[in-house]
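Input: a single structure, listed below in structure tokens.
Protein chains in written order, with this note's numbering: chain X, 9 to 258; chain C, 9 to 258.
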């Protein structure tokens, strides 16, 4: 039987996300895909391209969660310091990985594999590569830490390539109900529903659409029958309040 | 003279961001606006609606950074636990704030201010309100922690309403050059440029557009003259490599 709960953290590495210059889209992808694999993303951190910050974040999260996924900072330039920081966090040397070097040598035309590009063959000692089908320079795994590129298309391809190495728990199932009542009108009944269903996590997300207040109510559980039971009671609650409701496609 | 460096952290609170169901847009807004005010966003954390996780994140970040901004979890429903968690982090009771109650009483029609909505008047003892011009229920500030809504339009209005309480350092200026060379071709010269200009932070962000590799090079500094000097050398570097280049509008 799979374990009840398998957890993960994401480390989004890069000044460009913190300065607001680039909007991160990797977090949403990771959250969704990990969920499907029965792994709960419990925390995400965005950290700058600063060695001490990255080393500390890697060590704090790898001790606390089953898996850690990093994105960003594995290219050829001086600000790409993730591999060196992960090596430091694990207390192992950063070494040239022969397999990674062979991949780069096969990819670049003669003379193009300069010293900067060759930095992309460096991994912490003992790391296993993660294939990059898009632009070849690989990511890597060491212990429970998976180091991936920041460019979303590359990150996603890397994740799919190493997903078979992950062991998930029971998959989290969810249902989402859109309701045309203001959040404050359903809050009391919702709190009571939550108290009766401790195996179901109930989230409430208000919105305003065409000038009218509404709320999206999300039920999540690893236990399908309990999820269904809570969903039926939620329907009754909304009907009792006279609200229109519809289950969202997921 | 303003201090050299004023720092901040953002705490994005909510299961819906970690599950990938909702994409966060508040981080990019905060990063950009804080930059303009001379405050550097040094870390962001996304934490679930779990008391222990929120309390720990508030206490770690408020000790480490000049300012902390939280988004999310201040509505009327059972999963809105941010105010209680911040009170716990500061070791003060959560109390009904008379000013906040008056705001809610003035807003809701008679009979509509139920117990759930009244929860939105609770703040940690000693907190100062942050006005909410959109849907009235206020945020609050306690110590160096600013607690705001998760809905982006409300969060942004709250931020603008309390921005005058923030004291920034020297504003960070930046210039961004788009270049039609692959990142690995400019990496060596860029590393040398970075070594000569320690007051300028040089970031390199590769992209692929219409099948061609390019790179966006970002220079950031609090010292305008050093920024300009680095920019001139960067132009010469790219010209020497035979690349086309253009400064982005910012």
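All C-beta atoms, glycine included, are put in the ideal place defined by N, C-alpha and C.
Uninterrupted beta strand (DSSP E) stretches at least 3 residues long and entirely within the region 14-59 of chain C occur at 14-21 and 47-55, given in chain order. Within the region 108-150 of chain C, the complete alpha helix (DSSP H) segments at least 4 residues long are 123-126, listed from N- to C-terminus.
Within 8 Å of the CB of residue 191/C, the CB atoms of chain X belong to 83, 84 and 85, in sequence order along the chain.
In this structure residue 125/X is buried. Its beta-carbon is surrounded by 16 or more other beta-carbon atoms within 10 angstroms.
Distance between residue 70/X and residue 107/X, taken at the CA atoms: about 25 Å. About 6 Å separates the CB atoms of residue 155/X and residue 94/X; that is less than 8 Å, so the two are in contact. By the C-beta density criterion, residue 29/X is buried, having at least 16 other C-beta atoms within 10 angstroms. With a cutoff of 9 Å on beta-carbon distance, residue 152/C and residue 73/C are scored as near each other. Collapsing the DSSP output to three states places residue 192/X in a helix. Per the C-alpha coordinates, the member of 149/X, 133/X, 134/X and 159/X positioned closest to residue 143/X is 159/X.
Going by DSSP, residue 90/C is part of no beta strand (DSSP E) but of the alpha helix (DSSP H) stretching over 90-98. What residue 122/X touches in chain C, judged by beta-carbon distance under 9 Å, is 192, 193, 195 and 196, going in chain order.
If you compare the alpha carbons of 26/C, 145/C and 247/C with that of residue 18/X, the shortest gap goes to 26/C. Look at the region 16-37 of chain C: the residues with a C-beta under 9 Å from a C-beta of chain X are 18, 20, 22, 23, 24, 25, 26, 27, 28, 29, 30, 31, 32, 33, 35, 36 and 37. Think of a sphere of 7 Å around the beta carbon of residue 39/X: the chain C residues whose beta carbon falls inside it are 26, 27 and 28, in chain order. Annotation for residue 81/C: no beta strand (DSSP E) segment contains it, and DSSP assigns it neither H nor E. Listed along chain X, no residue sits closer than 9 Å to residue 104/C by beta-carbon distance, the nearest being about 16 Å off.
Fewer than three pairs of CB atoms, one per stretch, sit closer than 8 Å, so the region 220-236 of chain C makes no contact with the region 159-168 of chain X.
When the five nearest sequence neighbours on each side are left out, the beta carbons in the same chain lying within less than 6 Å of the beta carbon of residue 52/C are those of 18 and 35, in order along the chain. Residue 204/X carries a helical assignment under DSSP once its states are collapsed to helix, strand and coil.
With contacts defined by Cβ atoms closer than 9 Å, residue 87/C and residue 184/X do not form a contacting pair. The three-state secondary structure of residue 229/X, taken from DSSP, is strand. Apart from the 5 residues on each side of it in sequence, residue 75/C sits with its Cβ closer than 6 Å to the Cβ of 16 and 152 in its chain, given in chain order.
Scanning 114/C, 129/C, 55/C and 230/C for the CA closest to the CA of residue 91/C turns up 129/C.
Taken atom to atom, the span from the alpha-carbon of residue 195/X to that of residue 115/C is near 18 Å. A distance below 7 Å between beta-carbons, with the five flanking residues on each side excluded, links residue 164/X to the following residues of its chain, in chain order: 37. Residue contact with chain C for residue 13/X: absent (no Cβ-Cβ distance below 9 Å to any residue of chain C). Scanning chain C for C-beta atoms nearer than 7 Å to the C-beta of residue 49/X yields 26, reported in chain order. Residue 162/X has no beta-bridge partner at all, per DSSP. The alpha-carbon separation between residue 21/C and residue 188/C amounts to approximately 39 Å.
Residue 209/C carries a strand assignment under DSSP once its states are collapsed to helix, strand and coil. Residue contact with chain C for residue 209/X: present (Cβ-Cβ distance below 9 Å to some residue of chain C).
For residue 54/C, the nearest CB of chain X lies under 9 Å from its own CB, placing it at the interface with that chain.
Under DSSP, residue 215/X takes part in a beta bridge, and its partners are 222/X. Legend: CB atoms of the region 107-135 of chain X lying less than 9 Å from CB atoms of chain C belong to residues 116, 120, 121, 122, 123, 124, 125, 127 and 128.
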